[in-house]
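Worksheet for the structure shown next.
There are 2 protein chains.
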Amino acid sequence: MAFALSFGSRVRKSPYFEASVAAGVTQFSVYNHMYMPTSYGDAEAEYRRLIEGVSQWDVAAERQVEIAGPDAAALAQYLSPRDVSRCRVGQGKYVPLCDHTGRLINDPVLLKLSEDRFWFSIADSDVLLWARAIAAERGYDVEVREPDASPLAIQGPKAEAVACDLFGAWPRDLKYFWFRETEIDGIPLVLARSGWSKQGGFELYLTDGARGTDLWNLVCEAGRPYGIGPGAPNYIERIESGLLSYGADTDNDTNPFEVGLGKYLELEIDADFVGKSALRKIARKGPKRRQVGLFLEGARIDAPAHPWPIVLEGRNVGKAAAAAYSPRLERNIAIAMIDSQFAESRTELTVETIDGPRCAEVTALPFC
Amino acid sequence: MAFALSFGSRVRKSPYFEASVAAGVTQFSVYNHMYMPTSYGDAEAEYRRLIEGVSQWDVAAERQVEIAGPDAAALAQYLSPRDVSRCRVGQGKYVPLCDHTGRLINDPVLLKLSEDRFWFSIADSDVLLWARAIAAERGYDVEVREPDASPLAIQGPKAEAVACDLFGAWPRDLKYFWFRETEIDGIPLVLARSGWSKQGGFELYLTDGARGTDLWNLVCEAGRPYGIGPGAPNYIERIESGLLSYGADTDNDTNPFEVGLGKYLELEIDADFVGKSALRKIARKGPKRRQVGLFLEGARIDAPAHPWPIVLEGRNVGKAAAAAYSPRLERNIAIAMIDSQFAESRTELTVETIDGPRCAEVTALPFC
Chain C
86 MAFALSFGSR
96 VRKSPYFEAS
106 VAAGVTQFSV
116 YNHMYMPTSY
126 GDAEAEYRRL
136 IEGVSQWDVA
146 AERQVEIAGP
156 DAAALAQYLS
166 PRDVSRCRVG
176 QGKYVPLCDH
186 TGRLINDPVL
196 LKLSEDRFWF
206 SIADSDVLLW
216 ARAIAAERGY
226 DVEVREPDAS
236 PLAIQGPKAE
246 AVACDLFGAW
256 PRDLKYFWFR
266 ETEIDGIPLV
276 LARSGWSKQG
286 GFELYLTDGA
296 RGTDLWNLVC
306 EAGRPYGIGP
316 GAPNYIERIE
326 SGLLSYGADT
336 DNDTNPFEVG
346 LGKYLELEID
356 ADFVGKSALR
366 KIARKGPKRR
376 QVGLFLEGAR
386 IDAPAHPWPI
396 VLEGRNVGKA
406 AAAAYSPRLE
416 RNIAIAMIDS
426 QFAESRTELT
436 VETIDGPRCA
446 EVTALPFC
Chain L
86 MAFALSFGSR
96 VRKSPYFEAS
106 VAAGVTQFSV
116 YNHMYMPTSY
126 GDAEAEYRRL
136 IEGVSQWDVA
146 AERQVEIAGP
156 DAAALAQYLS
166 PRDVSRCRVG
176 QGKYVPLCDH
186 TGRLINDPVL
196 LKLSEDRFWF
206 SIADSDVLLW
216 ARAIAAERGY
226 DVEVREPDAS
236 PLAIQGPKAE
246 AVACDLFGAW
256 PRDLKYFWFR
266 ETEIDGIPLV
276 LARSGWSKQG
286 GFELYLTDGA
296 RGTDLWNLVC
306 EAGRPYGIGP
316 GAPNYIERIE
326 SGLLSYGADT
336 DNDTNPFEVG
346 LGKYLELEID
356 ADFVGKSALR
366 KIARKGPKRR
376 QVGLFLEGAR
386 IDAPAHPWPI
396 VLEGRNVGKA
406 AAAAYSPRLE
416 RNIAIAMIDS
426 QFAESRTELT
436 VETIDGPRCA
446 EVTALPFC
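Chains as they are written, first to last, in our numbering: chain C, 86 to 453; chain L, 86 to 453.
Written out as structure tokens, the structure is:
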């Protein structure tokens with residue numbers, strides 16, 4: 086499908102918007118009420134660059150929800166089904182956020198900037214409203230706001246070399262999800278070892294939105310010897326790597342156990358948090374659906390524009406949210422949510438694609 | 086700017102999606118995590134149809150947040166800075182939703198379906214998360230969910246004739262914002278006299294998402310004698326009519342008084358509601374900024390893709406979120422937010438458009 090995207094004031098622009106346009110962006114989506122580049126017109130080159138080299142992404146749409154003030158640690162803990170007290174300043178943690186009934190409402194990384202200041206670096210839902218409501222209803226002494234903080238990701242096996250050329254040797258020693266506040270050419274930013282791929286890399290959280298083009302160009306320049314080029318969160322790589330896409334893989338009633346995030350929860354800690362008893366109950370009973378991988382037979386497959394139904398013996402047993410031909414596996418692969426009783430590897434199912442039914446086989450995630 | 090929009094499972098499709106494509110949609114935006122048609126390729130025809138005839142719009146992206154259960158009325162009141170007890174079954178009310186500090190977070194219409202079931206028919210923000218958080222923290226005995234309810238709007242001076250041909254004479258007697266549950270050809274829906282234009286019309290809240298194409302085609306057929314055609318919330322008409330576009334005209338810190346919604350608030354009622362004391366305080370002090378209309382000099386103006394700064398004697402005093410050439414006024418008009426001391430009609434300002442500065446004059450809203 087090829088349709089134009091409307092541009093107006095309701096959807097915001099990233100600080101890297103002009104740089105992305107200059108770099109040849111051809112396609113956008115909208116994420117957290119912001120335009121987010123999704124393609125620069127050469128899907129194969131963008132995939133190869135991520136897998137073999139280094140790619141630079143405008144992911145400013147990954148907004149931050151900042152919690153600051155005397156009760157910041159208490160609120161960050163109450164919103165998080167993990168032990169936040171064990172998170173150190175300069176450390177990040179992947180935190181599946183759940184509502185009071187255990188439904189997944191976002192899957193941010195929590196960054197502890199100081200003892201009384203935290204960022205949730207969020208996927209596509211208005212966590213700001215949710216966090217403000219809870220803070221106010223419970224009377225926490227905090228400010229909850231969206232700071233001027235816009236990630237630019239560099240991803241791929243050569244990302245570390247680019248980061249070290251830009252910042253010195255210390256990024257090499259940064260552990261996964263850890264970060265440091267720094268600056269370059271007077272541009273303030275937070276450098277974190279993170280990013281929505283499994284190819285390694287960093288996110289540069291620019292904290293002066295007026296300097297987007299400057300930062301983009303600095304990264305571009307530093308990456309030139311390594312063949313850096315523009316890219317975006319990669320559809321194929323994320324399926325291969327089994328990375329959760331909140332909103333695509335989930336619906337309004339998905340719990341973290343269904344999408345393989347149970348291992349991140351710490352349900353036995355003393356601290357109270359939103360959804361604690363509901364999550365414990367789901368953990369005991371086990372989820373009714375599970376996210377799995379699928380191998381699909383037949384010719385190279387195109388991505389579904391909306392989830393495809395999955396059937397077994399004439400019965401609807403789930404849906405496939407994302408599918409692609411994997412260049413690394415040389416097979417068609419998909420991410421699907423199916424009823425738990427059919428989630429065993431090697432179960433054979435039928436996916437009702439837009440071009441007709443395809444035989445499929447269940448497998449564990451990730452693929453790569 | 087002309088860029089393609091990505092299609093995938095993260096952004097949902099409307100029940101009218103296929104019908105819109107068949108009707109020749111050319112452009113979409115994303116609203117409430119859903120694709121929303123914004124153009125069928127002939128802006129002038131779409132405007133004329135709305136002003137002089139009748140237009141049919143896929144506005145399924147105007148999602149509903151349903152509150153149902155024993156405490157539904159109590160929660161609906163607590164979320165609303167208006168007297169919900171005076172709302173009757175079958176009646177709707179425009180309710181600016183505010184957070185605990187009085188910031189505007191959405192501007193839905195509240196529909197009272199029964200004594201224990203309400204819908205907030207929302208603009209573009211995740212009110213579902215916010216309402217669920219508050220309901221749970223306060224222990225209300227309610228279910229808060231997104232029902233299968235997708236509005237199709239018919240708007241324009243001939244919309245009433247189309248509605249009566251479809252449903253009989255009773256829609257003629259429906260008062261503004263009132264509604265009735267009904268069905269047509271076995272398609273269940275809620276028919277309301279409402280819609281995001283000032284040209285009059287109805288919204289058909291389809292309550293069986295599988296019947297979208299059927300309902301679209303029925304409306305199309307009934308409207309044929311009146312020259313109905315496809316359209317979308319109209320950029321020019323909404324500026325002329327001074328209708329608020331939440332997210333475009335507002336930012337994360339806008340209060341309802343700034344955007345002319347103070348008249349809808351009922352701050353003196355006995356019932357408690359979110360933001361009550363904060364809103365009273367703002368009401369006493371008066372807002373620091375105000376939404377106004379602007380007349381702009383010079384050649385026909387194009388819409389801003391992002392807000393334009395407004396300056397007075399070298400000082401930044403506000404921004405213009407939306408601007409267009411009005412065919413009815415034969416003038417360039419804009420909607421702007423400016424510092425209150427410059428909000429007097431006839432104040433002269435400069436708007437820094439993408440093509441350079443333009444002289445502008447403040448005027449009251451609406452234009453038409």
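Beta carbons: idealized from backbone N, C-alpha and C, even for Gly.
When the options are compared against residue i, the one with the closest alpha-carbon
i, options, result
"C:G378", "C:G327, C:G224, C:E398", "C:G327"
"L:K373", "L:G403, L:A390, L:V359, L:G399", "L:G403"
"L:N340", "L:R365, L:N319, L:E322, L:P318", "L:R365"
"C:R369", "C:Q376, C:V359, C:L352, C:F358", "C:L352"
"C:S165", "C:E147, C:A254, C:F203", "C:F203"
"L:D424", "L:G308, L:V396, L:P242", "L:V396"
"L:A307", "L:A244, L:Y349, L:A220, L:P318", "L:A244"
"C:Y163", "L:A218, L:Y179, L:P122", "L:A218"
"L:L300", "L:S91, L:A87, L:E103, L:R97", "L:E103"
"C:R167", "C:D156, C:V359, C:C305", "C:V359"
"L:F342", "L:C183, L:F262, L:V106", "L:C183"
"C:I239", "C:Y331, C:E429, C:C305, C:T335", "C:C305"
"L:C444", "L:M422, L:I190, L:F205, L:L381", "L:L381"
"C:D192", "C:P451, C:S430, C:A333", "C:A333"
"L:N401", "L:R413, L:Q426, L:A384", "L:Q426"
"C:E222", "L:D338, L:R416, L:V144, L:T186", "L:T186"
"L:K283", "L:T111, L:E131, L:I324", "L:I324"
"C:P181", "C:G175, C:V169, C:Y261", "C:V169"
"C:G271", "C:A254, C:N117, C:L291", "C:L291"
"C:R296", "C:P442, C:C172, C:G285, C:A145", "C:A145"
"L:Y311", "L:I321, L:L303, L:A246", "L:A246"
Contact check, residue i vs residue j, beta carbons under 8 angstroms
i, j, result
"L:E268", "L:L259", "no"
"L:E151", "L:P232", "yes"
"C:M119", "C:S94", "no"
"C:T435", "C:V447", "no"
"C:G154", "C:D209", "no"
"L:I420", "L:Q376", "yes"
"C:E437", "C:P394", "yes"
"C:A195", "C:V344", "This sequence places Leu at residue 195 of chain C; Ala is not what is there. Contact: no."
"C:S248", "C:P256", "In the sequence on display, residue 248 of chain C carries Ala and not Ser. Yes, they are a contact pair."
"L:S114", "C:T123", "no"
"L:G371", "L:F264", "no"
"L:V530", "L:S199", "Absent from the model: residue 530 of chain L. The displayed extent of chain L is 86 to 453, so no value can be given."
Beta-bridge pairing of residue i - partner residues as DSSP gives them
i, result
"L:K197", "L:F203"
"L:C183", "L:L189"
"L:Q376", "L:M422"
"C:A158", "None, per the DSSP bridge assignment."
"L:T448", "L:G378"
"C:Q284", "DSSP output for C:Q284 lists no bridge partner at all."
"L:F113", "C:L90, L:P122"
"C:G177", "C:L196"
"C:L251", "Bridge partners of C:L251: none, in fact."
"C:K404", "C:P394, C:M422"
Three-pair Cβ contact test at 8 angstroms for the segment 408 to 415 of chain C versus the segment 377 to 397 of chain C
Yes: at least three Cβ pairs fall under 8 angstroms.
Are three or more beta carbon pairs between the segment 211 to 230 of chain L and the segment 270 to 286 of chain L nearer than 8 angstroms?
No, the segment 211 to 230 of chain L is not in contact with the segment 270 to 286 of chain L.
Near-chain L residues of the segment 197 to 218 of chain C (beta-carbon distance less than 8 angstroms), N- to C-terminal order
Using a CB distance below 8 angstroms, the part of the segment 197 to 218 of chain C facing chain L consists of D209, S210, D211, V212, L213, L214, W215, R217, A218, ordered along the chain.
Residues from the segment 89 to 105 of chain L in contact with chain C, defined by Cβ distance under 9 angstroms:
Here the close residues are A89, L90, S91, F92, G93, S94, R95, V96, R97, K98, F102.
Would you check if the segment 135 to 143 of chain C and the segment 309 to 316 of chain C touch, i.e. whether three or more CB-CB distances between them fall below 8 angstroms?
Here the segment 309 to 316 of chain C lies against the segment 135 to 143 of chain C, with 3 or more beta-carbon pairs under 8 angstroms apart.
Determine which residues of the segment 322 to 351 of chain C have a Cβ less than 7 angstroms from any Cβ of chain L, and write them out in chain order.
Cβ contacts with chain L: S330, G332, A333, N337.
Any residues in the segment 420 to 448 of chain L with a beta carbon nearer than 7 angstroms to a beta carbon of chain C? Which ones, in chain order?
Going along the segment 420 to 448 of chain L in chain order, one finds no residue with a Cβ nearer than 7 angstroms to chain C.
Could you list the residues in the segment 218 to 247 of chain L with a C-beta less than 9 angstroms from some C-beta on chain C, going in chain order?
The segment 218 to 247 of chain L vs chain C, Cβ under 9 angstroms: A218, I219, A220, A221, E222, R223, R230, E231.
Members of the segment 175 to 190 of chain L near chain C, C-beta cut-off 9 angstroms:
Residues passing the 9 angstroms Cβ filter: D184, H185, T186, R188, I190.
Within 9 angstroms of chain L by C-beta, residues of the segment 106 to 117 of chain C in sequence order
If the cut-off is 9 angstroms between Cβ atoms, the segment 106 to 117 of chain C has V106, V110, T111, Q112, F113, S114, V115, Y116 near chain L.
Name, going along the chain, the residues of the segment 285 to 297 of chain C whose beta-carbon falls closer than 7 angstroms to a beta-carbon of chain L.
Residues of the segment 285 to 297 of chain C that bring their beta carbon within less than 7 angstroms of a beta carbon in chain L are absent altogether.
Quick one, which residues of the segment 378 to 394 of chain L are near chain C if we go by CB-CB under 8 angstroms, in chain order?
Along the segment 378 to 394 of chain L, the positions whose C-beta sits under 8 angstroms from a C-beta of chain C are A388, P389, A390, H391, P392, read in chain order.
Residues from the segment 147 to 158 of chain L in contact with chain C, defined by Cβ distance under 9 angstroms
Listed by position, the residues of the segment 147 to 158 of chain L near chain C (Cβ gap below 9 angstroms) amount to none.
Tell me which residues of the segment 124 to 144 of chain C have at least one Cβ-Cβ distance to chain L shorter than 9 angstroms, keeping chain order.
Residues of the segment 124 to 144 of chain C with a C-beta less than 9 angstroms from any C-beta of chain L: S124, listed in chain order.
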